[in-house]
Amino acid sequence: MEWVVIVFALAVQASQRPAPMPVLPLTQLDERVPAGDFDNRTFTLTFAQPVPVKDLLLLLVRGTSLSIVPDPAVGGTFIGELKNVTVRQALGLILRPLGLDYALDGGVIRVSRREPETRIFDLNYIATEREGHSTVGGDGGGPRTAASVTASTRTDVFEELAGGVRTLLTERAAFNVDRKAGLLQVTDFPERLDRVAAYLDIVQDRVHRQVQIDARVIEVEPTDAKASGIDWASLAVKMSGAATADVPVATRQTMNGLRVTDVEKLLGLLREQGTVTIVANPRLLTLNNEPSIVRTATMSFSVVPQISGDSIVTLSLTPIVSSPIVIESDMLARVADGETLVVSGFTRDRETREKKAVGISGGWFGRGTVVTHRRVELVILLTAKIVASVAAQ
């Protein structure tokens, strides 16, 4: 067996014991060790032939104030070169691949087989599986036609957490998720448990993000009965402060997915084009990636927000108009914190009935019902405001 020791000029022969290492001045660095030998001395060791780990451990503390006590079950050999390492670094490099670990007790280093530890983590989530659906189907009349849209969102945080934790553990690990108590028990090596803790912190930060969505469903009945709908291009130019004349008439068409920051100004510009009626104005508070549903007499929609770390909210929106025929849409849009998403392009006929005096044959007059049909446009306004999570507060 041939050992080569550099820096301290130690030559180890098969029939000789290694010469003592020179003693260096002691410096207090670690409160757990009475001298600085554990972190303050560096050395280089080269072993071209296998050396028993127990012999190597004795060599590491030779000439220092440290003591080392290997467990009787410690075995294995080491081949390699360690350059300019401390005792702490050498122990980490040598022991970990062999399934060994060390502990400090004053100036004594105890080496033993690595044993798993058990930690219990809090899981502050509701112990239910949530599933959201939005489905509308209808018959448009005349020749039989049907249309339907289905949006589905399934959420089981505990199941997803279990899958994520499983990828961070060793084959010897064991873990259990207690949904009712909201606890995760994991048994594995300390460095793996640290990974689990970091993962759970990140998940909690993201899952507990909240967004407040102020939703407005409005109807706009154009003043011009011949208008096909709202002139969104002209409105967008006015929102930006530019002159309307800068936009050619030929390019003024309906826009879908407009983003604005001043809702009141938008409503004022819509009133310039027609009569504005607020159909519904709910306020939704929902967690990250959780669905919310709004239903009115003429429209229903589901919205699922995804909140990123840079204060951008991605909205998955499924609006459905069911009168007089089914009109459906599905879209994804990104808005900044506090911005309002404007979704348009949904039109319907509004029927009004009024009692009026009408002429009757023979010169008689009477009262009859006059039915009027006006074309109105439905608009959805969604203002997303990120709410600080409990953890951030």
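Numbering (the numbering used here), first residue to last: 629 to 1021. The C-beta atom is built at its ideal place from N, Cα and C for all residues, glycine as well.
| Query | Result |
| --- | --- |
| By Cβ distance below 6 Å, which residues in the same chain neighbour V971 in space, the five residues on each side in sequence not counted? | I1008 |
| Please report how far the alpha carbon of I921 lies from the alpha carbon of L1010, in whole angstroms. | 13 Å |
| Assign R724 to one of three DSSP states: helix, strand, or coil. | helix |
| Along the chain, which unbroken stretches of the beta strand (DSSP E) at least 3 residues long are found entirely within the stretch 789-859? | 802-806, 811-816 and 838-850 |
| Using 10 angstroms around the beta-carbon of R981, count the other beta-carbons present and answer buried if the total reaches 16, otherwise exposed. | exposed |
| Can L694 and I722 be called in contact, C-beta distance under 8 Å? | no |
| Per DSSP, what kind of secondary structure is A861 in: helix, strand or coil? | helix |
| In chain order, what residues of the same chain have a beta carbon less than 8 Å from the beta carbon of N916, not counting five sequence neighbours either side? | R834, V835, H836, R837, Q838, V839, P933, Q934 and I935 |
| When we look at the beta-carbon of T746 and count the other beta-carbons within 10 Å, is it buried (16 or more) or exposed? | exposed |
| Below 6 Å CB to CB, which residues in the same chain sit around T905 once its five sequence neighbours on both sides are set aside? | E847 |
| From L797 to I754, what distance separates their C-alpha atoms? | 25 Å |
| Count the other C-beta atoms from every protein chain shown that fall within 10 angstroms of the C-beta of A1012, then say buried if there are 16 or more, exposed otherwise. | buried |
| Would the beta-carbon of G720 fall within 8 Å of that of R741? | no |
| Can you give the Cα-Cα distance for L686 and N712, rounded to whole angstroms? | 18 Å |
| Taking buried to mean at least 16 other C-beta atoms within 10 Å of its own C-beta, is L1029 buried or exposed? | Nothing can be reported for residue 1029: it is not among the residues displayed for the chain, which extend from 629 to 1021. |
| Quick check: R887 and L969, are their CB atoms within less than 8 Å of each other? | yes |
| Considering only the beta carbon of each residue, do V831 and F749 sit closer than 8 Å? | no |
| Give a yes or no on whether the C-beta atoms belonging to R800 and P744 are separated by under 8 Å. | yes |
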